[in-house]
Each structure stands twice: as C-alpha cells, then as structure tokens.
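Undergrad:
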Amino acid sequence: YGASSRSKRYALQGSRWRVKSLKYRISKYPSNLNHGKVDRELARAFGVWSDYTDLTFTQVKSGSEQVHIDIRFEKGEHGDGDPFDGPGGTLAHAYFPVYGGDAHFDDAEHWTIDSYRGTNLFQVAAHEFGHSLGLSHSDVKTALMAPFYRGYEPSFTLDADDILGIQKLYGKKTRSSGGSSGDGSSSGSDNTPKLPKVPTAPGSGGTLCKNASVDTIFRAEEDTHYVFKGDLYWKLTDDGVAAGYPRKISDSWQGLPGDIDAAFTYRNGKTYFFKGPHYWRYVGKRMDGDYPKLISEGFTGIPDNIDAAVVWTGNGKIYFYKGTKFWKFDPAQRPPVKSIYPKPISNWEGIPNNIDTATVYHGYTYFFKNGQYWRFDDRSFAVDNANPKFPRPTSKWWFGC
Amino acid sequence: FPVGGDISDTNAMIYLSQFGYINKSLSQFSSGYFNRDQLSTAIADFQSFAGLNITGELDEETKATMSLPRCGVKDRIG
Chain A
996 YGASSRSKRY ALQGSRWRVK SLKYRISKYP SNLNHGKVDR ELARAFGVWS
1046 DYTDLTFTQV KSGSEQVHID IRFEKGEHGD GDPFDGPGGT LAHAYFPVYG
1096 GDAHFDDAEH WTIDSYRGTN LFQVAAHEFG HSLGLSHSDV KTALMAPFYR
1146 GYEPSFTLDA DDILGIQKLY GKKTRSSGGS SGDGSSSGSD NTPKLPKVPT
1196 APGSGGTLCK NASVDTIFRA EEDTHYVFKG DLYWKLTDDG VAAGYPRKIS
1246 DSWQGLPGDI DAAFTYRNGK TYFFKGPHYW RYVGKRMDGD YPKLISEGFT
1296 GIPDNIDAAV VWTGNGKIYF YKGTKFWKFD PAQRPPVKSI YPKPISNWEG
1346 IPNNIDTATV YHGYTYFFKN GQYWRFDDRS FAVDNANPKF PRPTSKWWFG
1396 C
Chain B
126 FPVGGDISDT NAMIYLSQFG YINKSLSQFS SGYFNRDQLS TAIADFQSFA
176 GLNITGELDE ETKATMSLPR CGVKDRIG
C-alpha cells in the first residue's frame, strides 16, 4: 500500500461557469437562524472566493429572476435522491456547475455563527460554494475543500491549495473591487464595514464626525461594536450608527469609568476593560465579580496604561500594545507572557506606534490612530494592500460621516 | 451513519460506496455479499485520501475519521 506518490492538492471536477458575475437565491432558510444574519454569512462565504478571483456574487431576493446557484436548507429526503441524515454525518452537499450548481444544507444540523457550538454556517457554506464553482474535494488536510468539518475556526483563512484551485478555474483577481450591486448584498474583496450614509441625529454621530479619534472600539456580542470616547459611547451595527446615541458609559456599564484605555471581548464571552493600572470584567453590561483589579495581578507581564488590546484573528491570542511595543498574552501558558516580550510594533508591518485602539470585524483585525484606520492581512503579516489603500478615514468608513 | 457507534464492514462498504471509493450501488450491499479484497483496497484509497496510515484495515483511526461530520459530495468523481 505505501504512501501515495502523487503530491496532495486540490481537484477540479471538470466544469465551471462561463461567466464571472453569478447570482444566487436563498430559497429556503435554516429554521434556527435570523434571515438577515444568514444573508450576511452566506455573502461572506461567497466572498472567500471573490477575494482571489474576479468572481462576483449577487443575492437575488425577488422570486422570479433566474439565478446560477439556488440555496436551500432541507431535512431528510428533499427531492434530489440524496437524503440528509439528521444531526452529524453529512452536513450539506452541492452540485458542480455542469449539474446546476445548487447547494443544499441539512436543516437538522445546529447551524451557528461565530461560535464554537454547533456547526459553523460560514465555513460549511464556503466549502459547498467551492463545489458550486467546480472544485472537488482536496486531499490537503488544511484545505477548505477537504471533505471533513474541522470545527469553528475564528481566524479562518483560505488555504493556498484552495486559492490555486479556484484560480485554475477562474484566473487570478484583476479587478480591485469584487462586489456587484444587484438587489441584495454583494460580496467583494473588501470586508470593511459598508456603513450607509445615515443622517446622524444631532450629537449622535456628529461628535465622532468632528473628531474621529476614539478611546477604544471593541466587539461586544456577535456583530455589535461599541465606540468609547471620554464618558460617552456609541453603538455601531452593520447598518450604521445606531439611533439614540451617544449615551453615558456609566449608565450602561455600572461601575465603569470613562476615558477607557482599551477593551476586548474574549471567546469566553466576557469583556475586559483597561484603564491605568486597573481592569474590569463584564458579561454583557453586567460587572462580573468584584472589580477593579490590578492588571499586574490579572494580566501578569502586561504594563499599566496600555494603548490597545485585541484578540488577534491570526491565532486567537490576546495582544496588548503600548507606545512602540506589544505583548502577547496566552492565558493557557505559564507564564502567560513569554520573556521574549515586549517586541517592537514595527514587526506588524505598516502599523504605526502609539495606536488608539484595535478591534476585530468579520475575520480581520483593524488598528486605529488619530481618526485613521488600517486593516491587517494576517497571512502576509502586514497591512492589507487593498485598494483604496490604508490608512483610510475612520469617520467615513466606520461612523458613516 | 453510525455516528459514535462502532463501524462494521458493511457500514464501511456503504460509506466507501457513498463517497466514491467503491463503484457499487447501495442496494447491492443489502444482499450482504462483498469481496474482502475490494473492501481492503477501498479502505486503503480512503486512508490515502484522508492522510491516514495506509493499512487497508478498518482500524480505529479510520473508523474515527469515517465518523466525522462531512460534506456529502463524493471524494472520488469519475
């Protein structure tokens, strides 16, 4: 039997779409997830492929228009002679372009978003859409197109094997912007939040528009971000600056002071706030025990008065930044900060010293300073060289000014 | 599929047929007849594809991999 002499790599089924602007419809949604969130996650799953090719994907919501890929969440026998088998086992299947390109998902699975529980919708959908585009299963274990589900990967990136495969079919990316309009969300290469220009109520986004420097931006629950500045805070959602803000921090987070240095939410669902030599821990907006505590006791090896803290999408570890230096904090290690730290921030190519804050959004880590922001490409370990270039104005792209 | 339960030779044949390692229709397995060499070869092909030790035997590692949640598309097409 011996090891196979053929080196491991992607596989092409043999058919592909002749056009690169593809349309899809979600004609049956999963029974356990919010439709808007499903729209976003599936658009993001298509985005995995448009990031490296000129493919564009437009969701069609109206009932009658012809689409290339139809998406359905079904249970058991669902009309194609390939019944699903309940929780576990087969999660989904899809048809190669020559057979229509449709993607079916087993609605008996517990589909989840950004969670270690259940089955991650984004990852399985991206895999099935690989089939819809003409990729077969790869025998590279780390490839998205490997057949087995590997659990939720918070810092998911497309494997080089998958990139080679999809570019074999559709060529490399030449156009800077990927998405197309259509009547639904579109997936393109730039996952920066597309905040529509919403008229800001007097004093709501206005303060941020006048001066977009902030104390911290952090992700709280799933895709809700908060901006802290002085004693005030704003809520950002995918749809823009939420109405009815700013509000006083202490009105919502009882016991938390203003002028926060940094904040992040860890995968245990707890949010940590830092100011001077102290830190606080909250679950949602409820203080989670007796705080404040000393950073030197709870985060041994991390200095007081930090600039920023973030759970980096590259490896899920916590990073702290102060002045020209950064520290990696791994709670599972003893000591949690290795003796090789601090290291110069210049290691993070393109990221400036003395940053204001850092946060994560849709699988990317973003850094902010003086009203500008940078998106970091974890794979190349450098600022993303997307177009338009970084830094970009925070006021326009994050606050909708 | 017997997720978590023990995987018999027949289960393995059905799995290997479902995912393209054996060209047999599932109904042919209901007769209970299958050829041991065919099974061993198919298992070895699966082990090679999944990056496991290639033994041709239904060992624990192979059973565990067959129990993983996965995509329903065949691994071998044509």
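If you read the sequences in order, they're chains A and B. Mapping of the first sequence onto my numbering: residues 996 to 1396, in sequence order. Mapping of the second sequence onto my numbering: residues 126 to 203, in sequence order. All residues carry an ideal CB built from backbone N, CA and C; glycine is no exception. On a predicted model such as this, the values are computed, not experimentally measured, just so you know.
Which one of A/G1081, A/F1362, A/Q1249 has the shortest CA to CA distance from A/D1210?
TA: When only C-alpha atoms are compared, the closest one is A/F1362.
Undergrad: Would A/W1453 and A/G1345 qualify as a contact pair, given that the criterion is a beta-carbon distance under 8 Å?
TA: In the structure as shown, chain A starts at 996 and stops at 1396, and residue 1453 of chain A therefore has no counterpart that could be examined.
Undergrad: Determine whether the Cβ of B/F171 lies closer than 8 Å to any Cβ atom of chain A.
TA: It does not: the Cβ of B/F171 has no partner Cβ on chain A nearer than 8 Å.
Undergrad: Using Cβ-Cβ distances below 7 Å, what residues of the segment 1071 to 1103 of chain A are close to chain B?
TA: Correct list: D1077, D1080, G1083, G1084, T1085, L1086, A1087, H1088, A1089.
Undergrad: Can you name the start and end residues of the beta strand (DSSP E) that A/Q1061 belongs to?
TA: Where A/Q1061 is concerned, there is no enclosing beta strand (DSSP E), given that its DSSP letter is neither H nor E.
Undergrad: Taking only the alpha-carbon atoms, compute the straight-line gap between A/L1159 and A/C1204 and give it to the nearest angstrom.
TA: Taking the straight line from one Cα to the other gives about 42 Å.
Undergrad: Along chain B, which residues have their Cβ under 9 Å away from the Cβ of A/K1136?
TA: Going along chain B in sequence order, the residues near A/K1136 (Cβ under 9 Å) are A175, G176.
Undergrad: Listing by chain order, which chain A residues have their CB less than 7 Å from the CB of B/R195?
TA: The contacting residues are T1085, L1086, P1142, F1143, Y1144.
Undergrad: Mind pulling the chain B residues with CB within less than 8 Å of A/Q1008?
TA: Correct list: I202.
Undergrad: Which bits of chain B does A/S1131 rub up against, with CB to CB less than 7 Å?
TA: Result: I202.
Undergrad: Pick helix, strand or coil for A/Y1240, following the three-state DSSP scheme.
TA: DSSP places A/Y1240 in coil when its eight states are reduced to three.
Undergrad: Under 8 Å, do A/D1102 and A/S1026 count as touching if we go by C-beta distance?
TA: Going by C-beta atoms, A/D1102 is nearer than 8 Å to A/S1026.
Undergrad: Does chain A have any CB closer than 8 Å to the CB of B/I132?
TA: Not an interface residue.
Undergrad: Closer than 9 Å, Cβ to any Cβ of chain B: which residues of the segment 1102 to 1122 of chain A, in chain order?
TA: Within the segment 1102 to 1122 of chain A, the residues whose Cβ lies closer than 9 Å to some Cβ of chain B are E1104, T1114, V1119, H1122, listed in chain order.
Undergrad: Quick check on B/C196: does DSSP put it in helix, strand or coil?
TA: It is a strand residue.
Undergrad: Given this structure, state the Cα-to-Cα distance separating A/S1291 from A/K1312, to the nearest angstrom.
TA: Between A/S1291 and A/K1312, the C-alpha separation is close to 19 Å.
Undergrad: What's the C-alpha gap between B/N160 and B/A167?
TA: Going from the Cα of B/N160 to the Cα of B/A167 covers about 11 Å.
Undergrad: What are the boundary residues of the alpha helix (DSSP H) that includes B/I168?
TA: B/I168 -> alpha helix (DSSP H) spans 161 to 175.
Undergrad: Indicate whether A/D1134 and A/K1003 have their beta-carbon atoms separated by less than 8 Å.
TA: Yes, they are a contact pair.
Undergrad: Nearest CA to the CA of B/R201: which residue from A/D1283, A/R1170, A/L1130?
TA: Per the Cα distances, A/L1130.
Undergrad: Whole angstroms is fine: what's the gap from A/I1297's alpha carbon to A/K1338's?
TA: For A/I1297 and A/K1338, the distance between alpha carbons rounds to 12 Å.
Undergrad: Please report how far the alpha carbon of A/G1358 lies from the alpha carbon of A/A1098, in whole angstroms.
TA: Their Cα atoms are separated by approximately 24 Å.
Undergrad: Anything in chain B within Cβ reach of A/H1126, meaning under 9 Å, just list it in chain order.
TA: Those are C196, V198, listed as they occur along chain B.
Undergrad: Below 6 Å CB to CB, which residues in the same chain sit around A/I1021 once its five sequence neighbours on both sides are set aside?
TA: Contacts found: I1066.
Undergrad: Checking the sheet assignment: what are the DSSP bridge partners for A/Q1054?
TA: Looking at the DSSP assignment, A/Q1054 forms a beta bridge with A/Y1019.
Undergrad: For A/P1388, which residues does DSSP report across the bridge?
TA: Beta-bridge pairing links A/P1388 to A/Q1367.
Undergrad: Which residues in the same chain have their Cβ closer than 7 Å to the Cβ of A/K1391, if we skip the five residues on either side of it in sequence?
TA: Taken in chain order, the list of residues that qualify is empty.
Undergrad: How would you write the range of the alpha helix (DSSP H) that A/I1158 sits in, first residue to last?
TA: First-last of the alpha helix (DSSP H) with A/I1158: 1155 to 1165.
Undergrad: With a Cβ-Cβ cutoff of 8 Å, do A/N1401 and A/G1366 count as a contact?
TA: Because chain A here runs from 996 to 1396, residue 1401 of chain A falls outside it and cannot be looked at.
Undergrad: At the level of alpha carbons, what is the spacing between A/A998 and B/D170?
TA: Interpretation of A/A998 is limited by its pLDDT of 41, a score under 50 that renders its predicted location unreliable; the figure taken from the coordinates is listed afterwards. About 10 Å.
Undergrad: Under DSSP, the beta strand (DSSP E) around B/A189 begins and ends at which residues?
TA: From DSSP, B/A189 is part of no beta strand (DSSP E) but of the alpha helix (DSSP H) over 185 to 191.
Undergrad: Return the CA-CA distance between A/G1284 and A/F1223, expressed in angstroms with no decimal places.
TA: Approximately 22 Å, taken between the alpha carbons.
Undergrad: Quick one, which of B/L177, B/Q143, B/L183, B/E186 has its alpha-carbon nearest A/G1076's?
TA: Taking only the C-alpha atoms, the option nearest A/G1076 is B/Q143.
Undergrad: Taking the alpha-carbon positions, what's the A/S1334 to A/A1303 distance?
TA: Going by the C-alpha atoms only, they are around 20 Å apart.
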